[in-house]
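Report on one structure; see the data block that follows.
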């Protein structure tokens, strides 16, 4: 399990009544950037998993700014489009994978 340090410096945790705790962008995160990897066959860092858990699922696929890709035994998190600064939650839509398969 790993999370990109630059990504961590560019987000903050925010809390609101509707979404609870979630990540929001503080500065521009370039599209296509690999921001995290979960290895389904290794012991993953619980702190990194907690941070990735703050990335919420989007109600609308067009709103999502994170893409998940499964590559072998790893789930990779990529920035798919630049989130609006200060106002945009970091959100994703689930593709056809299951994180609990292994």
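Residue numbers (our numbering): 296 to 397. From the three backbone atoms N, C-alpha and C, an ideal C-beta is built for every residue, glycine too.
Under 8 Å between C-beta atoms of residue i and residue j
i	j	result
residue 349	residue 317	yes
residue 361	residue 373	yes
residue 299	residue 335	no
Buried versus exposed, by CB contacts within 10 Å (16 or more), residue i
i	result
residue 320	buried
residue 306	buried
residue 331	buried
residue 366	exposed
First through last residue of the beta strand (DSSP E) which encompasses residue i
i	result
residue 324	Here residue 324 belongs to no beta strand (DSSP E), and DSSP marks it neither H nor E.
Residue i: CB within 7 Å of a non-hydrogen atom of the ligand ATP
i	result
residue 341	Here there are no bound small molecules, and the ligand ATP is not part of this structure.
Residue i versus residue j - alpha carbon distance
i	j	result
residue 326	residue 302	12 Å
residue 333	residue 371	7 Å
residue 308	residue 342	14 Å
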